[in-house]
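J.: Dropping a structure here in structure tokens format, bear with me for questions.
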Amino acid sequence: MDKDILRISDKVTFKKIKNDYYINTNYDKDYRLENLSSEIFDLIYKQKELQDIVNILQNRYKVSKKTIERDVYALINKLIKLRILEYNNKTKEIVSCGTKENLACGVKTETDIFKKGHKQNIPINVDFHVTYKCNLKCKHCYAADQYKNNSSEELTFNEIIDMLDQLDEMGVFYLRITGGEPFIHPYFLDILNYAYKKKFAVSIVTNGTLLDDKIINRLKRFNLRKMTFSLHGGNSDTHDFFVGVNGSFEKLKANILKCKKAGIPIEISWTVTKDSVKDLELVKKLGKELNVPLGISTRIIPQINGKLSPKKWRLTSTQLTKFIIENKYKLQPLECTIGNKLQINSDGTVQPCLFVNDIIGNIKEDKIKDIWDKLVKNRSKWYKDFYVEPVECKECKYNINCHRCPGVAKIENGSPNSCSETSKWEAESFYLSKYI
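At position 86 of the sequence shown (counting the first as 1) the number is 86 in the UniProt record's numbering, and the numbers step up by one without a gap.
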């Protein structure tokens, strides 16, 4: 077999973290290779010919050639099926040895990735708010007031590059970039290019209005994990009113189609409000028309500085209950990520997560690893302090349906050990939906 026949797909992002390979397939599927699977993949990455791979591993483990061939062929066939490898420029299996795939245990999925990261104290996932500047004025934005005037404090391009180097050294794989509006940053494409070279699996959250053909042409080279477009209504009347800028809806639609045509993996995220809930069928129709995955969220949280103004836009309890019943809607629980990920803000400040607004460091002053190590060291204390169930929760009839977030409770009431009005609102609606 020629060494150029078996190759890693161009649509795959992969990174070696410690002894394992972390892989994103650009189809929103993620895997981790460990043990022998990782060794085989490493040799493929180094462009070793198939027979050389077999010989190297046979000498390394002192086992029969037949045994090694069985394991190598089994893994390669599996990775071809997963569209991670290509054989002769096709996703067609190589000729097998007629043995079963016994290396399935070496190919782990996304859930295991985060478990392994937690076990190894690696922040596998980092959220980065590259800027809080935005060209829109969304009425429910949780960050609008808090970061309105911090542009002079934002990280420089060189500071961001240094941040990416540090995150790479720490073993970060997933990098979710948001804002504000990321594409308003003057060096955003250069930042993406560097992140691509560092083999991060990058996701972007955008309002979709600042893209053009030149930008999209560059984006398709970066092998993005996902690009999420924020939607706020099923037509221009609803959407443009909510974001405060006319023409936004049509720009969003046009750029979604252009990105889809360019082969960029995309999805639409619709935040349902009391004014936009009437657009449900229009939004569903739009998703089908564009042939793009549609995510729906009813959750609107207060601003990070504690202002409750965004809450006035969320569904009433009656509206949410009706929405749940008519659409068989299931609320996604807020999984606690304290001690598993980091959020880095545009001014360099670091939080344990989006909903916990405690500043635990600043990358302008400290190494990110030092900030992370301090968080991990105090992880058990965070859990202990945050997860003291309030007395009123124990006796609340909505408790069984409640996904209380201590971080949101602290934003609302000043204490993580209090009843979150946002969580109770959701829990009450789900409770009522079962008895109406």
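Idealized CB from N, CA, C, for every residue including glycine. Note that this is a predicted model, so its numbers are computed, not measured.
#1: Reducing DSSP to helix, strand and coil, say where residue 437 ends up.
#2: Roughly how many angstroms separate the alpha carbons of His-403 and Thr-206, rounded to a whole number?
#3: Note down the Cα distance separating Lys-198 from Phe-173, rounded to an integer number of angstroms.
#4: Give the straight-line distance between the Cα atoms of Asn-357 and Val-54, rounded to the nearest whole angstrom.
#5: To the nearest angstrom, how far is it from the Cα of Val-272 to the Cα of Val-130?
#6: Helix, strand or coil: which one does DSSP assign to Ser-276?
#7: Using the Cβ count rule (16 or more neighbours within 10 Å means buried), how would you classify Arg-221?
#8: Under a three-way DSSP split, which group does Gly-233 fall into?
#9: Report yes if the C-beta distance between Gly-348 and Glu-159 is below 9 Å; otherwise report no.
#10: If the criterion is Cβ atoms closer than 9 Å, does the pair Ser-276 and Gln-332 meet it?
#11: CB Leu-211 to CB Asn-255, shorter than 9 Å?
#12: Pull the bridge partners of Asp-20 from the DSSP assignment, please.
#13: Counting along the chain, where does the beta strand (DSSP E) carrying Leu-6 start and finish?
#14: To which residues of the same chain is Ile-344 closer than 6 Å at the C-beta, ignoring the five residues directly before and after it?
#15: If you follow the alpha helix (DSSP H) that Gln-343 is in, where does it begin and where does it stop?
#16: Mapping the DSSP letters down to three states, classify residue 437 as helix, strand or coil.
#17: So, is Pro-186 buried or exposed, given that buried needs 16 or more other C-beta atoms within 10 angstroms?
#18: Any chance the region 70-82 sits against the region 32-42, with 3 or more Cβ pairs inside 8 Å?
T.: Inspection of the coordinates gives the following:
#1: The displayed coordinates of the chain run from 1 to 436. Any statement about residue 437 would go beyond what the structure contains.
#2: Distance between the alpha carbons of His-403 and Thr-206 is about 27 Å.
#3: Going from the Cα of Lys-198 to the Cα of Phe-173 covers about 9 Å.
#4: Distance between the alpha carbons of Asn-357 and Val-54: 52 Å.
#5: Near 25 Å, if we compare the C-alpha coordinates of Val-130 and Val-272.
#6: Annotated three-state conformation of Ser-276 is coil, per DSSP.
#7: So Arg-221 counts as exposed.
#8: Here Gly-233 sits in coil by DSSP.
#9: Cβ atoms of Gly-348 and Glu-159: closer than 9 Å.
#10: No. Outside cutoff.
#11: Yes, these two residues count as a Cβ contact at 9 Å.
#12: As DSSP reads the structure, Asp-20 sits in a beta bridge with Ile-17.
#13: Leu-6 -> beta strand (DSSP E) spans 6-8.
#14: The residues are Phe-128, Val-350.
#15: Note, Gln-343: premise wrong, no alpha helix (DSSP H); beta strand (DSSP E) at 341-344.
#16: Nothing about residue 437 can be read from this structure; the chain reaches only from 1 to 436.
#17: Burial call: exposed.
#18: Contact holds: three or more Cβ-Cβ distances are below 8 Å.
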